[in-house]
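S.K.: Residue numbers (the working numbering), protein chains in the order written: chain B, -19 to 443; chain F, 138 to 287. Here it is: the structure, laid out below.
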Amino acid sequence: MSVKTEIDPFRPAKIYFYSSLFWLGAGLTYGLILSLKFIWPNFLAYGPLQIILQYGRIRPIHTNIVLFGWLTMANVGALFYIIPKLCRNRLSFPRLAYGSAFIWNAVVFAGTVVLTLGYTTTTEYAEWPLWIDIIVVLMFGAIAFICFATIANRNEKQLYVSLWYFMGSLIWLIGLYIIGNLPYKMLSGVPQFLIFWFYGHNVIGLWFTTVGVGILYYLLPLLTKNPLYSHKLSLIGFWTIATFYVWNGPHHLQNGPIPLWLMKAGVIPSVMLIIPVWSVLANVFGTLKGKWHAVPHNVPLMFVVVGSIFYLITCLQGPFHSLQGPSSVIKFSDWVPGHAHLPLFGAFSFIAFAMMYYAIPKIIDHDIHSKKLMGAHFWFSVVGMFLFAFSTWTAGVLEGLAWIEGAQYGMQFVEMLVGMRPLFIIRAIAGALMLVGQMIFVVNLAVTIGKARNAQKGQENSA
Amino acid sequence: MSDEHHKDKDSIDPSEKLKEQKESGEPIQSTDHGPGGIRMGNAKIPPFLMITYVVLALWAFGYAFTAVPLNQVSEASADGEAIFQQSCLGCHNVTNEPSVGPGLEGVSERYDNEELQEILVNGIGEMPSLPALGLNTEQIKAVKEYILEL
C-alpha cells in the first residue's frame, strides 16, 4: 500500500467536500420545514421558534445555505480537485485554499444567523447584508486567484474544455456578485429589480451551471472510458453560453413595467440558450455511445446521466417560460420553485454527488463503503425530485389559470389555496424523500472516511 | 480492514481501473491520453444541431421585429351588469327600495366618484369589499360604471 506523504495535496478539496455535506443536510432540513408550513401554516409555531422559523426568514436561509453552503462548496472542492488533475500539477497556495474553507463556512454560518435575526437585503439569492457580501467577494477572489495560479503553472499544454468553463465561471461569479449586491443601496424601483434578476438568474447560469457543465465534461469521459465525443461542440457550447446567458435577467419582469425592447432583449437570448444546452447534451449522448449497458452498474454515471437529462428538461422549460404567454400563467405560482429545483438539485447537485463519489475514494484511498447505499441515495433523490417537480408544476398551472380567472385575492384565492393542499402534501413527501436520500449519502461517506482513517492508522502502527 | 464485502467485480469502478498515479499529484502521466487521462474526439456537429442553430437564428429575427405586448385583461370578464347580478343583487336593489343594503337608484347623486370607489374597494359597515368577493380591478371598475348609471 502507498505510503502517504506528510502533505496531502487534496486536503483543500477534502475540507470543502466535507463542509458541503454538512450544509447539504442543514439546507434540506430547512427546505422540509418550509414545505411542511405549506400544509400546516402553524407548524413549529410556538415560543421563540415562531419568530426564528417564520416563513419569510427561513425561505432565504434555505436558498442561501443550499446555494452557497452546499453547492458552492461542493463546486469549489471539485475545482480544487479537477484543476490540478487537468494541469498535472499541484494546487497553488494550498494553505490559502485550506484556510478559505474555514472562512467560507463562517460566512455561511454568519449569513444564516443574520437572516434568522430578520435582517435581509431582499435581493433573491443575495439576502446577506453588505458586510458579508464584501467577505464573500474577497473569498471568491482568493479562490479564483488560487485556480488561475494553478492553471498558469500547468504542466499540460492543452486546456481541456472543463478548464475553460471553470475560468469563465470564476470571472463571471465575482463580477455578477458585485453588480448584484450593490443596487440594494444604490437603485430603486424597476431598475433595482432588473439588476436583482440579472444577479438572480446569472448566479445560477454563470456559476452553478457552468461549473456543473465543466465537472460533467471531466467526469463523463472518465466514467465511460470513452473519448469526449466532440471538442468542437464543447467549444460551441462554451462560447454560446458565455454570449447569451448574461441577458437573461429581464425575462423575469416579462409582462411587467419594462419597455418592450427590453423584454425582447431578455426573451431572445433565453431562447438562444437552447444552442449551448443541446450542444452539451449532444456531446453527452455522443460520449455515452456504446456504453449505455454500463450505466445501471455505476451509480456515479447514473447520477451524471440523469443529471444531464434534468439539465435538458430545465433548459427546455426556461426558454418556454420566458415567452409572454407562458410567463403570464406561471409567474408567481408554485411552478417557479419546481423549475428552480430542477437545475440546482436535479442537474447540478446530481453532478456534484457523482463528483464526490468519484473523487473522495481517490483522495482518501478507500472505496465507498456501500454500493447499495449509493443506489438508495440515487433512487431517493430521483423519486423525490420527480414528485417535487410534478406536484409544484401541477399546482403552478392550476394557480396561474385560477388567478387569470380572477382568484388573485379574497375568498376565491383562499379557496384555490385550500384546493392546492393535496399537492402541497406530495411536495412535502418529496422533500422528505430528498432529505432521507441525502442522509444516506452523508452517512455512507462518513463511514467511508472513518474506515479510511482507521486503515491509515493501522498502517502507521504496523510500520 | 474488512472491505472485501463491497468489491463488486461486475461493475465498472473508476477508482480501481483507471490507471492514474497515486494521489500525490506528481506530474507523471502517459502522454498518449489527453489532459488528466481524458481523450478528445473530433466528431462533426450533428446535422440536427445545425438545423436547430439556423431555425433559432431565424426565429430570433422574426421575434425581434414582430412581437407585441400581450394584453391579458379580457374585456368579456368585465361586464358590470353581470357582475352586479352575481355579487351585489343579494343585498342591493337596482331601484330605490332598500333590501339588506340601500337601493342603488340615484347612488351617483349621494356619492361622488371617489367616495364610491372608496366604498367598493374597502367595504362599508356590513358590506364586504369587492376585492374580498374576488373581483379584480377591471371588474370593480365595470361594476362602478354600471351602478353610476342607475
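We put the beta carbon where it would ideally sit given N, CA and C, even for glycine.
Ignoring anything shorter than 3 residues, give me the beta strand (DSSP E) runs that lie fully in the region 218 to 254 of chain B, in order along the chain.
M.R.: Fully enclosed beta strand (DSSP E) runs of 3 or longer: not present.
S.K.: Name the chain B residues that come within less than 7 Å of P183(F), Cβ to Cβ?
M.R.: Going along chain B in sequence order, the residues near P183(F) (Cβ under 7 Å) are A262.
S.K.: Applying a beta-carbon distance threshold of less than 8 Å, which residues of chain F neighbour M252(B)?
M.R.: Result: L193 and A197.
S.K.: In chain order, what residues of the same chain have a beta carbon less than 8 Å from the beta carbon of C453(B), not counting five sequence neighbours either side?
M.R.: What the structure shows of chain B is the stretch from -19 to 443, and residue 453(B) is not part of that stretch, so it cannot be assessed.
S.K.: Return yes when the Cβ of G355(B) is within less than 9 Å of the Cβ of V279(B), no when it is not.
M.R.: Yes, the pair counts as a contact, with Cβ atoms nearer than the cut-off.
S.K.: Give, in chain order, every unbroken run of the alpha helix (DSSP H) that is at least 4 residues long and sits entirely within the region 65 to 127 of chain B.
M.R.: Counting only runs of 4 or more, we get 74 to 96.
S.K.: Hey, would you say F290(B) sits closer than 9 Å to M365(B), going by beta carbons?
M.R.: Contact: yes.
S.K.: How would you call I126(B), buried or exposed, if buried means at least 16 neighbouring beta carbons within 10 angstroms?
M.R.: Result: buried.
S.K.: Does the distance from the C-beta atom of P28(B) to that of T100(B) stay below 9 Å?
M.R.: No.
S.K.: Output, in chain order, the set of chain F residues within a Cβ distance shorter than 7 Å of A387(B).
M.R.: Neighbours of A387(B) on chain F, chain order: G271.
S.K.: Assign E160(F) to one of two classes, buried (16 or more other C-beta atoms within 10 Å of its C-beta) or exposed (fewer than that).
M.R.: Legend: pLDDT at E160(F) = 40, less than 50; position of this residue unreliable, value from coordinates given subsequently. E160(F) should be labelled buried.
S.K.: Report yes or no: do three or more beta-carbon pairs, one from the region 378 to 398 of chain B and one from the region 270 to 282 of chain F, lie closer than 8 Å?
M.R.: At 8 Å Cβ cutoff, the stretches touch.
S.K.: So if DSSP puts S210(B) in a beta bridge, which residue, or which two residues, is it bridged to?
M.R.: S210(B) is bridged to N179(F).
S.K.: Taking buried to mean at least 16 other C-beta atoms within 10 Å of its own C-beta, is Q138(B) buried or exposed?
M.R.: When all chains shown are included, Q138(B) counts as exposed.
S.K.: Does the region 233 to 241 of chain F touch the region 341 to 349 of chain B, meaning 3 or more C-beta pairs lie closer than 8 Å?
M.R.: Not touching, per the Cβ criterion.
S.K.: In angstroms, rounded to a whole number, what distance separates the CA positions of G238(F) and V244(F)?
M.R.: Their Cα atoms are separated by approximately 12 Å.
S.K.: What is the DSSP secondary structure of M187(F), counted as helix, strand or coil?
M.R.: If DSSP states are grouped into helix, strand and coil, M187(F) belongs with the helices.
S.K.: Is there a Cβ of chain B sitting closer than 9 Å to that of V237(F), yes or no?
M.R.: By this cut-off, V237(F) is not an interface position.
S.K.: Between A274(B), F312(B), M252(B) and F178(B), which has its C-alpha nearest N235(B)'s C-alpha?
M.R.: Closest by alpha carbon: F312(B).
S.K.: Distance cutoff 9 Å, beta carbons only. Does Y198(B) sit that close to anything in chain F?
M.R.: Closer than 9 Å to some Cβ of chain F, the Cβ of Y198(B) qualifies, so yes.
S.K.: Which one or two residues does DSSP pair with I261(F) in a beta bridge?
M.R.: Answer is M264(F), bridged to I261(F).
S.K.: Ignore the nearest five residues each way along the sequence and tell me which others in A432(B)'s own chain have a CB closer than 6 Å to its CB.
M.R.: If we look at A432(B) and ignore the five residues flanking it on each side, its Cβ neighbours are I344 and H346.
S.K.: Ordered along the chain, which non-local residues of its own chain (more than five positions away) have a Cβ less than 6 Å from that of E163(F)?
M.R.: The predicted position of E163(F) is uncertain, since its pLDDT is 37 and thus under 50; a value taken from the coordinates is nonetheless stated next. Correct list: empty, nothing qualifies.
S.K.: How is H349(B) classed by DSSP in three states: helix, strand or coil?
M.R.: Three-state DSSP puts H349(B) in coil, outside helix and strand.
S.K.: Helix, strand or coil, according to DSSP, for G240(F) in the structure here?
M.R.: Three-state result, G240(F): coil.
S.K.: Give me the chain F residues within the contact set of G266(B), using Cβ-Cβ distance strictly less than 9 Å, ordered along the chain.
M.R.: The answer, in chain order, is G178, A180 and P183.
S.K.: Please report the straight-line C-alpha distance between K351(B) and L195(F), rounded to a whole angstrom.
M.R.: Straight-line Cα distance between these residues: approximately 49 Å.
S.K.: Specify whether the region 80 to 99 of chain B and the region 219 to 228 of chain B touch according to this definition: at least 3 beta carbon pairs, one from each stretch, less than 8 Å apart.
M.R.: In short, these stretches do not touch, since the Cβ pair count stays below three.
S.K.: Using three-state DSSP, classify R134(B) as helix, strand or coil.
M.R.: DSSP places R134(B) in coil when its eight states are reduced to three.
S.K.: Name, please, each residue of chain B whose Cβ falls closer than 8 Å to the Cβ of T189(F).
M.R.: Ordered by position in chain B, the residues that pass the 8 Å Cβ test against T189(F) are I254, I255 and W258.
S.K.: Are there 16 or more other CB atoms within 10 angstroms of the CB of D169(F), so buried, or fewer, so exposed?
M.R.: At D169(F), the pLDDT of 45 sits below 50, so the modelled position is not reliable; the number obtained from the coordinates is stated separately. Flag for D169(F) reads exposed.
S.K.: Taking I331(B) and G298(B) to be in contact with their CB atoms under 8 Å, please state how far apart those CB atoms are, rounded to whole angstroms.
M.R.: Not confirmed; about 18 Å, so no contact.
S.K.: Quick one: measure Cβ to Cβ for T204(B) and A262(B), integer angstroms, because I've assumed they're closer than 8 Å.
M.R.: Actually they do not touch by this definition, with Cβ atoms about 15 Å apart.
S.K.: Excluding the five sequence neighbours on either side, which residues of its own chain have a C-beta within less than 8 Å of the C-beta of A408(B), listed in chain order?
M.R.: Cβ within range, chain order: L12, S15, L16, F18 and I19.
S.K.: So, helix, strand or coil for E385(B), using DSSP?
M.R.: Of the three classes helix, strand and coil, the one that applies to E385(B) here is coil, per DSSP.
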